[in-house]
Every structure is written in structure tokens, then in C-alpha cells.
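In what follows, a single structure is set out as C-alpha cells and then discussed.
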Amino acid sequence: MMNSTPSAIEDLNRAIQTQNPFEVELVVTKQNVWEKELPDVPSINAHASDTVFEAINQVRSGQRRVVGVTLRAEKGLGKTHIISRIRHQGKRI
């Protein structure tokens, strides 16, 4: 017979601490960024990649001559993934 009572919050926190899939070291190689495409969910960090694409469009249309964009965030929040997205979408434009 299965126990259907909810777990105590302490049990849940303990389970997350011992088996948290987000704490695994994720290594993204240069091949992932420059050669093959990473799986992508465009809505994740879209504000960042959209800002870069808008800057590119401004240069192309002559509104600006040069634009610099800095991607700044803590480790694991998707900076390399955004660079890969920009790289691969840029190849299609």
C-alpha cells in the first residue's frame, strides 16, 4: 500500500540537496557553440538575444556604426547558450 501523505518540507529539501540535477557541472565545448547547434528554447533569455539582434539590425540599417553588447550573468545562467543561438541564427540571416 502506498503512502499518499505529502512529504514534509524538510524531506523535500533533503531530496533536492542530494539529487539536484541543476548542480551538475555542465561543460559546453567550443564545438557546441561554433559548430553544432545546442538544443534551444527561444523564449529562455530571449531578451538578451533579441537585444543583440536589434543591435545588429541597427548597424545593418545604418542607424549606428558600431554597437557593443556585454552578456553578464552568474555561472550557469545561459551566456554560452545565448552566444550559440546568436551564432547559429546569424548564419541563417
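Every letter in the sequence shown is one number past the one before it in our numbering, and letter 69, counting from 1, is 55. Glycine included, every Cβ here is placed at the ideal spot set by N, Cα and C.
- For GLN75, the enclosing alpha helix (DSSP H) stretches over residues 65 to 78.
- The criterion of a C-beta distance shorter than 8 Å is not satisfied by SER29 and ILE68.
- For the pair SER47 and GLY76, the Cα-to-Cα distance works out to about 16 Å.
- In the displayed model, ALA59 falls within coil according to three-state DSSP, outside both helix and strand.
- Straight through space, the alpha carbons of VAL45 and VAL38 are spaced by roughly 11 Å.
- Taking each of GLN5, GLN3 and LYS16 in turn and checking the Cα distance to SER70, the smallest one comes out for LYS16.
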